[in-house]
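In terms of this note's numbering, the sequence shown opens at residue 3 and continues consecutively. To start, the structure under review is shown below, and the notes come after it.
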Amino acid sequence: MKELPYFKFYCNAWITGDITSLSYETQGLFVNLCAFYWSKNGELYLTNCKRKFKDCKELCFTELIECNIIKVKDDKIIINFLDKQIEERFQMSKNNALNGSKGGIAKATAKQFSSEIVATAKLPLSETVAKPSNIEEKRIEEKRIEERRIEENREEKKRIKDNIKSTISIEEREQIFYKNLTHYISKYDKDMIRAFFNYWSQKNSSATKMKFEDEKFFEISKRLVTWKNNDKPKNVQFAKPIRESPLDFAKSSLLDYAKNNPEMIY
Numbered sequence: 003m004k005e006l007p008y009f010k011f012y013c014n015a016w017i018t019g020d021i022t023s024l025s026y027e028t029q030g031l032f033v034n035l036c037a038f039y040w041s042k043n044g045e046l047y048l049t050n051c052k053r054k055f056k057d058c059k060e061l062c063f064t065e066l067i068e069c070n071i072i073k074v075k076d077d078k079i080i081i082n083f084l085d086k087q088i089e090e091r092f093q094m095s096k097n098n099a100l101n102g103s104k105g106g107i108a109k110a111t112a113k114q115f116s117s118e119i120v121a122t123a124k125l126p127l128s129e130t131v132a133k134p135s136n137i138e139e140k141r142i143e144e145k146r147i148e149e150r151r152i153e154e155n156r157e158e159k160k161r162i163k164d165n166i167k168s169t170i171s172i173e174e175r176e177q178i179f180y181k182n183l184t185h186y187i188s189k190y191d192k193d194m195i196r197a198f199f200n201y202w203s204q205k206n207s208s209a210t211k212m213k214f215e216d217e218k219f220f221e222i223s224k225r226l227v228t229w230k231n232n233d234k235p236k237n238v239q240f241a242k243p244i245r246e247s248p249l250d251f252a253k254s255s256l257l258d259y260a261k262n263n264p265e266m267i268y
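Structure representation (structure tokens):
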């Protein structure tokens, strides 16, 4: 697979993500780790990185791991968003190779079919026999093979994802979720954070998954904003001012004037 000199960087995901709540030193370390991770096709180890970035504080590595921005398994660093891009590159390279081979097969089949037509044209009319073409059958078979390959890749990705999740107990994942929320205590009320945690950390009947893990998309910072907005009182009704008729207004004005100026009453 040919090396790609760059990876996709989404500005909005960076700005709204948990990484911006960490120190600038930790953010700089993460950018460097991403660059090395990409250049080595996802083969990066924590021990080697600590030696390479020896001037960087140990706390920076700890923060990245505790905030679930990077994962470490058997000393191997895992950066999810880059793994997806590496998988896309691998898949694209595989598809290009497959399409190239299909093109060669199609040309060879067309050449063979053309030769059969020429040979048949040279036969006497009595010996000419119509032969059914198998090009369409080959196309159908190739399509079936491609569909099976896509399904196998989908199952493999799901199996990898389930394996990664199964290596960390639900109690550990719950603690990681709680630690991620502590970064927002200075911004939101503690009772609100606790209610948010209690709601989204609810477990399923088999106690294998939490409520927030069932969500397809879940950004803590944006979910907290929505939670806070939903906590505001709604449908507050204010008392409408009572309008006086012109006659009542004149009466009340005269009474007020009489109270304030008793010497004017004869």
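Glycine included, each C-beta is placed from N, C-alpha and C at the ideal position.
- Item | From Ser223, Arg53 and Cys62, residue whose alpha carbon lies closest to that of Trp16 | For Trp16, the nearest C-alpha among the options comes from Ser223.
- With DSSP collapsed to three states, give me the class of Ile17. Judged by DSSP in its simplified three-state form, Ile17 adopts helix.
- Query: To the nearest whole angstrom, what separates the beta carbons of Asn182 and Asn70, a pair I think is in contact under 8 Å?
  - Reply: Rounded, the Cβ-Cβ distance is 7 Å, consistent with contact.
- Item | Among Lys230, Tyr190, Glu174 and Asn231, the one whose alpha carbon lies nearest that of Phe203 | Per the sequence shown, residue 203 should be read as Ser rather than Phe. For Ser203, the closest C-alpha among the options Lys230, Tyr190, Glu174 and Asn231 is that of Glu174.
- Given a threshold of 16 other Cβ atoms within 10 Å of its Cβ, counted over all protein chains shown, does Thr64 qualify as buried or as exposed? That one is exposed.
- Message: DSSP has Tyr47 in a bridge; who is on the other side?
- Response: Partner(s): Lys78.
- Secondary structure of Lys211, DSSP reduced to three states: Coil, per DSSP.
- Query: Per DSSP, Lys205 is paired with what?
  - Reply: Partner(s): Met212.
- Query: In this structure, does DSSP put Lys73 in helix, strand or coil?
  - Reply: If DSSP states are grouped into helix, strand and coil, Lys73 belongs with the strands.
- Message: For Phe198, tell me which candidate among Ile79, Asn232 and Ala37 has the shortest Cα-Cα distance.
- Response: Looking only at Ile79, Asn232 and Ala37, the smallest Cα-Cα distance to Phe198 is reached by Asn232.
- Quick one: is Leu61 buried, meaning 16 or more other Cβ sit within 10 Å of its Cβ, or exposed? Its Cβ having fewer than 16 others within 10 Å, Leu61 is exposed.
- For the putative contact between Phe32 and Leu66, defined by C-beta atoms under 8 Å, what is the C-beta separation to the nearest angstrom? Sure, about 6 Å apart at Cβ, within 8 Å.
- Query: In chain order, what residues of the same chain have a beta carbon less than 6 Å from the beta carbon of Leu48, not counting five sequence neighbours either side?
  - Reply: Hits under 6 Å: Val74, Asp77 and Ile79.
- Query: Looking only at its own chain, which residues have a Cβ that is under 8 Å from the Cβ of Glu221, when we skip the five neighbours before and after it?
  - Reply: Correct list, in chain order: Thr18 and Gly19.
- Distance cut-off 7 Å: Phe9 Cβ against heavy atoms of the ligand MG: In the structure shown, the ligand MG is absent, as is every other ligand, since no ligand is present at all.
- Message: On the CB-based measure, 16 or more other CB atoms within 10 Å of its CB, does Tyr39 come out buried or exposed?
- Response: Of the other Cβ atoms in all chains shown, 16 or more fall within 10 Å of the Cβ of Tyr39; this residue is therefore buried.
- Item | Exposed unless 16 or more other CB atoms sit within 10 angstroms - verdict on Cys13 | Under the 10 Å beta carbon count, Cys13 is surrounded by fewer than 16 other beta carbons and is classified as exposed.
- Item | Own chain residues within Cβ distance below 7 Å of Leu226, not counting five before or after | Counting only Cβ-Cβ distances below 7 Å, and skipping sequence neighbours, we find Tyr186, Tyr190 and Phe198.
- Please determine, among Leu6, Ala99 and Glu217, the residue with the shortest C-alpha to C-alpha distance to Asn43. Of the listed residues, the one whose Cα sits closest to Asn43 is Leu6.
- Query: Using the rule of at least 16 other Cβ atoms within 10 Å of the residue's Cβ for burial, across every protein chain shown, is Thr28 buried or exposed?
  - Reply: Classification for Thr28: buried.
- What distance in whole Å lies between the Cβ atoms of Ile152 and Met212, which are believed to be in contact at a cut-off of 8 Å? 30 Å between Cβ atoms; not a contact.
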